[in-house]
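Below is one structure, written out as structure tokens; comments come after it.
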Amino acid sequence: MPDYEPIMREAIADARLALASGDVPVAAFVLGPDGTRLGRGRNERELTGDPTAHAEVLAIREAARARGDWHLTDCTLVVTLEPCVMCAGAILNARIPVVVFGAWDEKAGAVGSVHDLLRDRRLNHRVEVHAGVAAEECAGLLLEFFRQKR
5 MPDYEPIMRE AIADARLALA SGDVPVAAFV LGPDGTRLGR GRNERELTGD
55 PTAHAEVLAI REAARARGDW HLTDCTLVVT LEPCVMCAGA ILNARIPVVV
105 FGAWDEKAGA VGSVHDLLRD RRLNHRVEVH AGVAAEECAG LLLEFFRQKR
């Protein structure tokens, strides 16, 4: 398995930028086969008023635009939080073969916590998942955000 920790640390730094708009600090990158960033995103639901403005969706949209093709069949998605059902659907639809995430989401996770859509054998596309990369740091950022909200 490649060492995903350096890119996850970059995603964590990007996630901190979401704090300025009051958004949950989550960030994602779509990497091409050579490791170049084709897309990046961070949560912007509060900033834009768009319920679909999750980090993964924004990164996938940017990568598809950069490629001129929605088929991201040789890409890797790196995200600081386990994807939700909506984001897992976007990953499957984009045909992304590898997903790397940091913190588990015990309330809304769709990659092993609550659901496991990316590896569901009933679907025609399954994804290789690398979970828990820099998990403590990713989770700590989220815990601090929600502590301050309460």
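In our numbering, the protein residues as written are 5 to 154.
Every residue, glycine too, gets a C-beta built ideally from N, C-alpha and C.
Nothing here was measured: the structure is a model prediction, and the numbers come from that model.
Looking at the backbone, the Cα of V137 and that of R99 are separated by about 22 Å. At a Cβ-Cβ threshold of 8 Å, A139 and V115 do not count as neighbours. In the assembly as shown, E132 is an exposed residue. Its beta-carbon has fewer than 16 other beta-carbons within 10 Å. For the pair of segments examined, the stretch 26 to 41 was found to touch the stretch 55 to 71: the number of CB pairs separated by less than 8 Å reaches three.
Look at T56 here: in three-state DSSP terms it is coil, with no helix or strand label. Contact holds between the stretch 78 to 95 and the stretch 104 to 121, because three or more Cβ pairs, one in each stretch, are under 8 Å apart. When secondary structure is reduced to three states using DSSP, E141 falls in the helix class. Excluding five sequence positions before and after G45, the CB atoms of its chain that fall closer than 6 Å to its own CB belong to A32, A59, L62, A63, given in chain order.
Non-local beta-carbon contacts of C88 in its own chain, meaning distances under 8 Å to residues more than five positions away in sequence, involve H58, D109, A112, G113, A114 in chain order. For the pair E14 and D54, the Cα-to-Cα distance works out to about 25 Å.
Between A19 and L147, the gap from beta carbon to beta carbon reaches 8 Å or more.
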